[in-house]
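Inspection log for the structure reproduced underneath, given as structure tokens.
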Amino acid sequence: MNSFSPKKDSLFKLKNVNKIVTSPEGMLTILSDISFEISRGETIAIVGASGAGKSTLLGLMAGLDKPSGGEIILNNNNLVALNEDQRAEIRANNIGFVFQSFHLIPSLNAIENVMFPLELSGKENARHRASEILQGMGMKDRVTHYPHQLSGGEKQRVAIARAFAGEPSVLFADEPTGNLDAKTGKNIIETMFALNKTSSTTLILVTHDKKLAEMCDREILLEAGKLVSDKAIQK
Amino acid sequence: MNTIRFASKAFFRQVRSGEVIVMISAIAMAVASLTAVGFLTDRISLSIEKQANELLAADLRIRSPEPIPSGWVDEASSMGLDTAISQSFPTVIYSSENSGLARIKAVSSKYPLRGQVRIANDQLSDEYPVKKIPNENEIWLDESLLYRLNIEVGDSISIGNSEFTASAVLKYRPDQSIGFASLSPTILMNIESLPATGLITQGSRVNYSLLIAGEDDVVESYSQLMEDIIPNSARISDPSDSSERTNQAINRAKQFLSLTIIISVFLSGIAIAMSARRFMKKRMDMVALMKSFGAQKRFVLNTIVIQLGMIGVVGVFFGSLFGFLVEGIISNLLTDLFVSDLPKPGFKTLMIGMLAALILLPGFAFSSLLQLSNTSPMRVLRKNVNPSPPSEIIVGTIALISLSVLLYYFVRDITLLSIIVSGMSVISVLLFYLGQFMAKTLGQLRGGAGASWRYGLANVSRRGKDSAIQIVAFGLALTALLLLTFIRTDLLTEWKKALGEGTPNYFLINIQPSQKEGIKEILESSDSVAPDFVPLIRARMTEINGESVQERVYPEERGSWLANREANLSFAKKMNPNNKIIDGTWWEENYDGSPLVSIEESAADDMGVKIGDDLTFLIAGEKITAKISSIREVDWNSFSPNFFLVFSERALESFPASFISSMYIEEGDTGVLRELQINYPTVSVVDLDPILEQVRQIIEKISIAIQIVFLFTLIAGVTVLFSAVHSTIDERRFESALLRAVGMKKKNVLISLLSEFSAIGLAAGVLAATGSSILAWQIASRLFEITYIFNLSLWVLGISSGIGLVCGFGYLASRKAIESPPINVLRNN
Ligand SMILES: Nc1ncnc2c1ncn2[C@@H]1O[C@H](COP(=O)(O)OP(=O)(O)O)[C@@H](O)[C@H]1O
Ligand SMILES: [Mg+2]
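These protein sequence lines are chains Y and L, in that order. Each residue of the first sequence is one higher than the last, beginning at 1 in the numbering used here. Each residue of the second sequence is one higher than the last, beginning at 236 in the numbering used here.
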């Protein structure tokens, strides 16, 4: 699956992406002139200080928001030219998320949380699939627990199960260990990378955890909304 | 299909979550209070109407100058209705030594169909109700006739060709109205004995009545049937035209009940709006999440709408259940008070609940839900991405329209509706701007947040528009409750006043000019207030603007009846102070010109006459024509002699007039009465006490009913207020936990919380108290036509209850958060 044929396997192409917002203090440039490409199956770390624009960039790549200028091409679709619903459809079929603050739905238990995106896109066998993946992650006896009954690490496991359950081609993770202690964080990361291996997902990871970044193939560094370096990581 | 499946799954899984339960409760409460108040209102109106039926002694009466054709009776009987007939006419009766004028009322065996006749065995013994009519050779007679004829119970009197034994004193009959025609002393007689008297001959002036009673709808269809059959000279009356006095009270009561319905709907709307806001705020994360997983906007919106529908269904279900329960309890408690054989609540009640939910939900929740569906998926990455709220104008307009539609369905009273809806709109705009103003100015306290109360006040500003919206919600709920309180107080006071001590309880009739002085003396000598003597002249109207009254076409049937009957005319220099000119002018006190006449409003309307029209009367063989110079509104509650037609003095002065007078005699002060009756046997003394008692009873019932409905609405309103406060608590709960986590003392957290609530409560309270005073004044004077007295203490009470309730509920709602260790709150967030 790592047979490179760059042209064919180009997944993301960002060209001169800008994001400018108007705030009460005036125009604010959050991202300026970002360009890079990502191939299918890569694992990318986007790093940078807090406020550098990492989450904003992630949001734009996932089509959650529109850039003020530039092009974002995902699987030959120019996200900039699509409307909200068309972008949503692309997400439904291609994209999974893991968030810093887990974003589990408090009124649903673990398995229902994992089933949620599956049901949303009308997939069959949601419960079976969810239960399988939770079991695979060693969460068997937690399936009927509600988020408030779970520890931070367990919550994030559920969130990861939820992200992988839909078999996305791209997984976005925004500081997935930001709310966890070092040990749990490491554990979570290992789980994530293991799952990534088996499902050959493209992983785009926002983090300022050096160790985490080093597990990726490539590191993109943002500073004050600008791309300052984009390099392969030597292992 | 997928949407519905997903939405219902989501609904059933999330039914447990707080915001869904709150929203269901808000709807349930709205439905419950609407159904219960609606049902109570229905029941009370019906029961009041039944009581009013007593005034007719039936549910329906047909009066005619011709004998009632037996076909009319047969028709009624075949429909399963109860019938009774009566004939009444004036005649002279004789005892062995005296004679007197009396009105004979001959009735058939089932009379009265509604209410009861009460008699006494002699002047001094107690009265008791009877379920029969006099035997064939007996009569029951008014007390005053005993004096007039100088006889005792048991003596015999002759009426026409027959001899009768006066077997009892007639104390009360349900249909003794206060019309002057029926104020001559009455003799109740068995209709079987009438033919033998030989008094009914061609040309005798007899009133024939057919009384009908039975199931409402059957009576109604009989009435419709008869309307096409009866000749012009006959007239159908139902209780609504039986007595203007009780009518006014009943109408006011109905208006008040309408007001409570409006206010319940209003409160429900606020509750739904506030809980929808809470629903929205708690669901934004969820919507952002759905969108990040690829849900399209339509799907999200549909999911929300379907869930809302389910919430609505569950809410309506529980609300109706609760409403039924409350109805059951209330009507059990009230069986004594109200007639018990009223229709049970049924499908209709449920329909009302559903209709209300169907209109209120979208009207008050939709803008929040639209906003919710606009949540940007970016929120999953950055917490402070909030969907932009729809404009207040749009929100307000949608709410206003749905409210008006619903209210119009319930309450067809346009004046009441427009006063309230426009008043409330103005008040909510003012509340909103006051809130925004406070948010601006209190922000300046932020700098010196050393003291906890300052921190609390600065919070008002920090929440900005949210604070303004809270002030609007609290303020409107308070306004509604205060308005209801104010009107209720006014109404009860007014009724107490109208029927209080000193209301005339006797009429003197048929006073000759020469007797005026003597009567005055007797009354003055016994400390009774010297009465006014009002002239009364009997006449017949012959022409209106030169057109014969018999041929004229009238806008209302009642107009024809009024024009064709024997009229009681009066004349005066000054207008009765209980009347009010609504068109034209009253003549100068020393007016000496051509004849003028002032006519009562409803009579003018029904006869289709206006200022400047000529009315011609035949009085004692002479024709006189007078021009209408004013139209009057008459306060029939005043119990003073009132007339449809009052002439300028010069116009009628020369005609033979008798006088009537009303006076108040304390209960038990029978000395004056006896003296009057012995010295002036030809003057009829009519005891109004039984009628007054009847009116009093009706009004008392209405008052109690109003209190109950008021109380219920009050409880509902306070609950709304509580849930409105509660719906704002999530954020504060988290904050106070945070404050405590960083070391603020429990007491100081509480102070800061309470100062924030006090500021909001004060703002809401001041505007609500002021706004509701103005609204109450408008409603009191325009609708209830009572003088509104601004009550400073109520105003102050309004403000303090505003602060008290908001603070109290704020404390209750956040107590748990303040009491429990902050970590619990922070963990759960
Ligand atoms: N819609 C917006 N309005 C104003 N400021 C914004 C908006 N979106 C992002 N920002 C600002 O842009 C900067 C970058 O934000 P973000 O992408 O969340 O940074 P990171 O994830 O790298 O910490 C921050 O300073 C943030 O406050
Ligand atoms: Mg970030």
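Glycine included, each C-beta is placed from N, C-alpha and C at the ideal position. Remember, predicted model here, so these are calculated numbers, not experimental data.
Contact test: residue i Cβ vs ligand 1 heavy atom, cutoff 6 Å
i: Lys54 (chain Y); result: yes
i: Ile30 (chain Y); result: yes
i: Gly51 (chain Y); result: yes
i: Val551 (chain L); result: no
i: Val98 (chain Y); result: no
i: Arg614 (chain L); result: no
i: Ser23 (chain Y); result: yes
i: Arg518 (chain L); result: no
i: Arg975 (chain L); result: no
i: Arg697 (chain L); result: no
i: Arg617 (chain L); result: yes
DSSP three-state assignment for residue i, whether helix, strand or coil
i: Leu64 (chain Y); result: coil
i: Trp375 (chain L); result: strand
i: Thr905 (chain L); result: helix
i: Lys1051 (chain L); result: helix
i: Asn811 (chain L); result: coil
i: Ser50 (chain Y); result: coil
i: Ala403 (chain L); result: strand
i: Ala337 (chain L); result: strand
i: Val630 (chain L); result: helix
i: Phe1019 (chain L); result: helix
i: Asn2 (chain Y); result: Residue placement at Asn2 (chain Y) is poorly supported in this model, since its pLDDT is 42, which falls under 50; the coordinates are not used for a value here.
i: Glu387 (chain L); result: coil
i: Met215 (chain Y); result: coil
i: Lys367 (chain L); result: coil
i: Gly395 (chain L); result: coil
i: Ala774 (chain L); result: strand
i: Val784 (chain L); result: coil
Opening and closing residue of the alpha helix (DSSP H) in which residue i lies
i: Asn199 (chain L); result: Outside the displayed span of chain L (236 to 1064) sits residue 199 (chain L), for which this structure offers no information.
i: Asp85 (chain Y); result: 84-94
i: Thr318 (chain L); result: Element bounds for Thr318 (chain L): not the alpha helix (DSSP H) but the beta strand (DSSP E), 317-329.
i: Ser243 (chain L); result: 237-249
i: Leu652 (chain L); result: 649-677
i: Ser305 (chain L); result: 305-313
i: Glu154 (chain Y); result: 152-165
Exposed unless 16 or more other CB atoms sit within 10 angstroms - verdict on residue i
i: Asp174 (chain Y); result: buried
i: Gln358 (chain L); result: exposed
i: Ser5 (chain Y); result: Here Ser5 (chain Y) scores only 42 on pLDDT, less than 50, and its place in the model should not be relied on; the value that follows carries that caveat. That one is exposed.
i: Arg533 (chain L); result: exposed
i: His148 (chain Y); result: exposed
i: Lys981 (chain L); result: exposed
i: Val365 (chain L); result: exposed
i: Gly122 (chain Y); result: exposed
i: Met1 (chain Y); result: With a pLDDT of only 38 at Met1 (chain Y), under the threshold of 50, the placement of this residue in the model should not be trusted; the figure read from the coordinates follows. With fewer than 16 Cβ atoms within 10 Å of its Cβ, Met1 (chain Y) is classed as exposed.
i: Tyr668 (chain L); result: exposed
i: Gly306 (chain L); result: exposed
Limits of the unbroken beta strand (DSSP E) element including residue i
i: Thr820 (chain L); result: It is not in any beta strand (DSSP E) - Thr820 (chain L) carries neither H nor E in the DSSP assignment.
i: Glu868 (chain L); result: 857-869
i: Phe806 (chain L); result: 801-806
i: Glu71 (chain Y); result: 69-74
i: Ala130 (chain Y); result: Where Ala130 (chain Y) is concerned, there is no enclosing beta strand (DSSP E), although the alpha helix (DSSP H) it sits in stretches over 126-136.
i: Tyr443 (chain L); result: 442-448
i: Val228 (chain Y); result: 226-232
The region 95-111 of chain Y contacting the region 534-548 of chain L, beta-carbon criterion three pairs below 8 Å: The region 95-111 of chain Y makes no contact with the region 534-548 of chain L, as fewer than three CB pairs between them are under 8 Å.
Contact the region 453-469 of chain L vs the region 898-917 of chain L: 3+ CB pairs below 8 Å: Contact fails between the region 453-469 of chain L and the region 898-917 of chain L, because fewer than three Cβ pairs, one in each stretch, are under 8 Å apart.
Touch test, the region 209-223 of chain Y against the region 47-57 of chain Y, Cβ-Cβ under 8 Å, three pairs minimum: The region 209-223 of chain Y is in contact with the region 47-57 of chain Y.
Given 8 Å, three or more beta-carbon pairs between the region 174-184 of chain Y and the region 150-166 of chain Y: Yes, they touch.
The region 366-386 of chain L contacting the region 420-433 of chain L, beta-carbon criterion three pairs below 8 Å: Yes, they touch.
Segment contact flag, the region 255-268 of chain L with the region 953-972 of chain L, C-beta cutoff 8 Å, min 3 pairs: Verdict: yes, contact present.
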